[in-house]
Structure formats: C-alpha cells, structure tokens
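Please read the structure below before turning to the comments.
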Amino acid sequence: MLKVYNTLTRKTEELKTLLPNKVSMYVCGPTVYAKAHIGHAMSALVFDIIRRYFEYRGYEVKHVMNFTDVDDKIILKANQQGMDPFALGELYIREFEQHIKDFNILPATINPRATREMDQILTMIKGLIDKGYAYPVDGDVYFRVTKDPQYGKLSGRRVDDMQAGARIEVDVRKEHPMDFALWKSAKPGEPAWGSPWGNGRPGWHIECSAMNLNHLGEQIDIHGGGNDLVFPHHENEIAQSESYTGKPFARYWIHNGMLQLSGEKMSKSIGNLVTIEEFLSKHPADALRMMVLNSGYRSPLSYSEEILAQAEKAIDRLRSALKPALGGSTSAPDASMKALKSQMDAAEAGFVEAMDEDLNSSGALAYLFELVRVVNQTRADGATGEQLEPAQALISKLTSVLGLSLHQTVQVDQAVDGFVELLIEIRKDLRQNKLWALSDKIRDRLAGLGIVLEDSKDGTSWHRE
RNA sequence: GGCGACGUGGCCAAGUGGCUAAGGCAAGGGUCUGCAAAACCCUGAUCAUGGGUUCAAAUCCCAUCGUCGCCUCCA
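Using our numbering, you'd call the opening residue of the first sequence number 5 and step up by one each time.
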C-alpha cells in the first residue's frame, strides 16, 4: 500500500487518487531570474524520484512543473543588465531545461509559464472579485483572507496569530494586513498586460492556481514543492483555488526539505549557494541524486564535499555488482545460486515496502546494497555471466526506478584507450618476467593520471577514476 | 514572540512500543594477490540530557539543552 506524508493533514496517508491508476501532480518550479542552484536541483530530483516510483507502481503520471517568468526580481535584474525581462527569463528557462536533462530527470508532461496563462489568470481574478473573495484598489487586486474561514489550514496558522508577529509594512489600502496581491499595477516601463483594473501583471500565487486549473483541472492529486513554499505561497494557492471553484484543491501536499550549506538553507537571497553549473563541472550528476536518496526527502540535507564523496563511493558500490563474471567460471554451487535467488526476492520486496512508506529511499537502498553483496559473493563463488544476469538486471531495474544511471558516462577517447591498452600489454610482458618495479611504476603513474588498473587471474582491467 | 521539524556508532542515515538497533562511507584485522586494487569475511553505537508512563521505549508523555525551517522574495 503506497503511502505519502501529507503536509495538509500532517499524517502519512494511503495514496488514493482521483482517477484509478492516474496521478496528477503539480510541482512549483523556479522563478527564472538567476542561475539555478543545487537546492533547485534537489527539489526537482525529489519529485522525479516520486514520479518514477509512482510509474513503477503502475500509475500514469501527469506531471506539471511551471516556470515563473514574470515577477519583481526578473524585472529588477533585467533592468540592471539592460535586458528585456522576457529574454532574461527565456535564457534561464533554457538553462534549467538543460540541467533537467543533465540530472536524468524525466521532463515534466507540461511546463507552463505564467506569461502564457494570462487569460486564465484574469478569468480567475474576475471570478474571485465577483464572489467577494477579492477587491480592487487603485489598479491592484487583493485577496480577502478574512472571507476564507479555512485560510491558514495548510501552514497551521491563524490569521490573528500572524497579525501579532507580522513585521511587514502594512499597506493601508489593504483591508487586512494578510491580504495578498492577485494583480499588481504596472509602473512605467514594466511588462504589463491589460485588465479591467488597468495595466499590470499577476501576483506570484495566482499563476499557479491558474495553471493548475488550466492543465490539471479543478482538483488534483498532488501538489509539491520545497517546504519554504508552504507559507505563504501554497497557503494562498489553496485559498484562491478553493474559493474560486468551491472544491477541495489538492488531495496531498508534498514538500521536500531544504538543502543546506554550512548549516543554513541554500538560497539566492543569502548567497550561500552552489550553482548547478558549478556542481556539474566537478561532480557526476548521480552523486547529488545519491545524496538525496540516502536521506529522507523531507529532512534538511547538508551539502559538503565529504558527504558528496560518500555518495560517489556508494554509487561505485552499486556498480560493483554489475561487473562481469570472473574468467574461467563454470558455475556457482547450488547453495550460492539459491541464496542469490532468495536475496533477489527479498531485495525487491524490501525495496517496495520501503518506498511504499512515504518514499523511504534510504531504506530501499539498504536492500539494494544487500543484494549487491550477495551478487559479488556469487561471482566470487564462480558464477557465470548467465547466472549473474537476472540479479544484475534487477539491480539495474530498481536503481533506474530511483533514477540512478549506473553506467559510466565517460567520454570515450579512442586514442587514449589505445595507449592504455598498449601499456597494459607491455606491462603484461614485464610481469611475466617478474619485472615488478617497472610494472608497478606503470600502474602508479597511470593511477596518477586517473587510470586505475586492476590485475586478476584473467588479466588486467582498467577504468577511469 | 508564534507555528513546525529534527538530535541514532568518526561521517551520512533507516528503524517510531517487544527477536541479535538496517545500509553506505571512513577505520582496524583477515582471505586473495608478486605487491596493490577490486571483491569477500570479521570488528564498533543502547539511540542529545534529565524525569515519567508501561511487563516492555531509540520508538509514547513532560522538561532542559542544541540545530534547522517558516512567519518577508525563496525549491
């Protein structure tokens, strides 16, 4: 039974979708005004893992991730750089889409953008005004939080409590300090769309409500994002959507924990960030995914070189099981094969059991690692490639459910390969003549160049570090 | 100040009432090897602290200390 933790109820609940075997999932994407950092990647990875697992469990997933391509920061940045705000957004959208590919994240079914949903946004705002949930003031439109008795249900806040601690500058034109903008009037030179209240642009929250309505309908199964969006963004989305349709909006709210760097949330405003570009220039994409998988998706994840190195080694460990049989193997003993078979069953059952319980990926990995050990034992016991193949196929299958691509993605360089092969051949002659000093020198020097030689009875194999 | 999450071996991290507290990394010992690497085998934690509930708690309750998130743009 597949269960997920629901922020709305603060409980882990069985997944019951609106339609059998189908999941509609909306995940908040980035505001495109700067290079994305690995916190954004973490969020995208979390929901990719969720999606892949749902698909493995037989659901057809309609996955929508938006781009917020008009907002104050985009306009500000574009003005600073003397750029057109739309061109600036386009640039970062392209970059983000490339990152998605680099991280082996399945592309969303649809990637809507705020600027392309203006009709739906305006329709919703008008509807909210008609129903008394919103009011225009001097070209702006605000949502009236006091009109929604359920306001605060996602974040567990009460309008009155927040009022006490609020440090925000209260706009006197608002009826209530917590009222939030659905529509903002444009200043001269800002991108603007025509509306009954004058030229302006949508507030941050309404675009998501509109895109949900447009692409997934009045009710959706899952709404996700980083837990920093719970309030106010998701709270406001619920208020808008439910006030507009009169129906419950998302059944399950799923939020990932924050990526932290030196004990603080990685964020654009604090400036303690590692961009995806920087990360990928130094590390394999799978390493970040492994870090995410090894911790609970809802917990904060600390980023450090040490933890990253551990993740890379863990990937190597998984890969070790996929190595071919030892040369000259004829068959593993029956007892070994029996043990392998039963470990395979245990691994898949354990994997599903763990993942079913709110995507417990680190628990699921433990079962994979246990299978890795038994596969390696069986190989050492003399199993043939044919005997190992089913277990290796299972490992490949389950790791791909997690989105890990175990196959080395090193660029093949024919020339280098040829030289390495030549050195190995010469070294073989040296070793046959017991010229150990010289053969060790070749191995050490190659290691210094990132080429690792491994001698065995069958000969010498090599790989890049 | 309000709301919430968390604190498990050197590091990362499962487990949330009851068999020997998963797994990965690191470390030490061993097998194999000319040596090394890889692989395999072996070795370590009573679960932040202090109370309490219970036949029984890492797991429930209370307090304390510490860390983090949200309350303002933020994945």
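Beta carbons are placed, not taken as given, at the ideal position from N, Cα and C, and that holds for glycine. A quick note: this is a predicted structure, and the numbers were derived from the prediction, not measured.
Spatial distance of residue i from residue j (CA atoms)
i	j	result
S247	R293	38 Å
G491	G207	Within the shown structure, residues of the chain are numbered from 5 to 469, placing residue 491 beyond reach of any answer.
E222	V50	25 Å
D183	N218	24 Å
R229	A336	First, the residue type needs correcting, since residue 229 is Gly and not Arg in the sequence shown. Cα-Cα distance, rounded: 48 Å.
M270	D75	21 Å
S460	G422	21 Å
L453	E239	54 Å
L297	L439	46 Å
N70	T334	55 Å
D175	D144	12 Å
E469	I455	6 Å
L95	D88	11 Å
K432	V424	12 Å
E121	R161	30 Å
E59	E241	27 Å
V251	E282	Before going on, a small fix: residue 251 reads as Lys here, not Val. Roughly 44 Å between the two C-alpha positions.
G169	K327	Unreliable positioning characterises G169 in this predicted model, as indicated by a pLDDT of 48, which lies under 50. A coordinate reading is not provided.
S404	L369	12 Å
I280	A40	6 Å
L132	S199	14 Å
K7	L19	5 Å
M5	I224	20 Å
D462	G389	15 Å
S154	V163	The sequence given here places Gln at residue 154; Ser does not occur at that position. Q154 and V163: Cα-Cα distance of roughly 10 Å.
CB-CB length for residue i against residue j, believed under 8 Å
i	j	result
R205	K188	6 Å
L375	A351	4 Å
A329	A387	6 Å
V378	L344	6 Å
L110	R56	7 Å
S365	L406	6 Å
P288	W201	At roughly 50 Å, the Cβ-Cβ gap does not stay under 8 Å, so P288 and W201 are not in contact.
Pick from the options that is closest to residue i, judged by C-alpha positions
i	options	result
T11	W257, Q314 and V379	W257
I129	A214, I53 and D76	A214
M341	L392, D225 and K317	L392
K66	E282, M29 and A40	M29
L372	I399, G193, D385 and A243	I399
D142	P111, D164 and A185	A185
I430	D444, D417, Q418 and A419	D444
R383	S324, S245, I210 and I226	S324
E309	L326, V278 and L330	V278
H411	L344, I79 and I319	I319
E64	D73, I54 and N70	I54
R14	D362, E458 and I428	D362
L80	M295, A289, A38 and R255	A38
D123	Y60, R98 and W197	W197
A291	P252, I42, Q396 and R56	I42
D232	P288, D164 and S159	S159
R117	V31, L110, R377 and R61	V31
K272	T21, P34 and K401	P34
R449	L427, Y57 and N437	L427
N83	D417, E194, S285 and H227	E194
A353	L402, T127 and A315	L402
A91	P236, V36, D52 and G136	V36
Residue i (DSSP reduced to helix, strand or coil)
i	result
P140	strand
Y301	coil
R255	strand
D523	What the structure shows of the chain is the stretch from 5 to 469, and residue 523 is not part of that stretch, so it cannot be assessed.
Q396	helix
V31	strand
S306	strand
Y9	strand
R171	Summary for R171: the model assigns pLDDT 49, below 50, so the residue's position carries little reliability, and this model does not support an answer.
Y63	coil
V176	coil
D290	helix
E469	coil
G229	strand
Q154	coil
E2	Limits of the chain in this structure are 5 at one end and 469 at the other, which puts residue 2 out of reach.
R377	helix
P206	strand
V50	helix
I274	coil
Any non-hydrogen atom of the ligand ZN closer than 7 Å to residue i Cβ
i	result
E268	For the structure depicted, the ligand ZN is absent and the ligand set is empty, with no information on it obtainable.
query = Using 8 Å as the Cβ pair cut-off and three pairs as the minimum, do the stretch 296 to 304 and the stretch 349 to 357 touch?
reply = Taking a contact to require three or more Cβ pairs closer than 8 Å, the stretch 296 to 304 and the stretch 349 to 357 do not qualify as touching.
message = With three or more C-beta pairs closer than 8 Å as the rule, is the stretch 257 to 269 touching the stretch 36 to 49?
response = yes
ask   = Just checking, does the stretch 104 to 121 make contact with the stretch 147 to 163 on the three C-beta pairs under 8 Å criterion?
value = no
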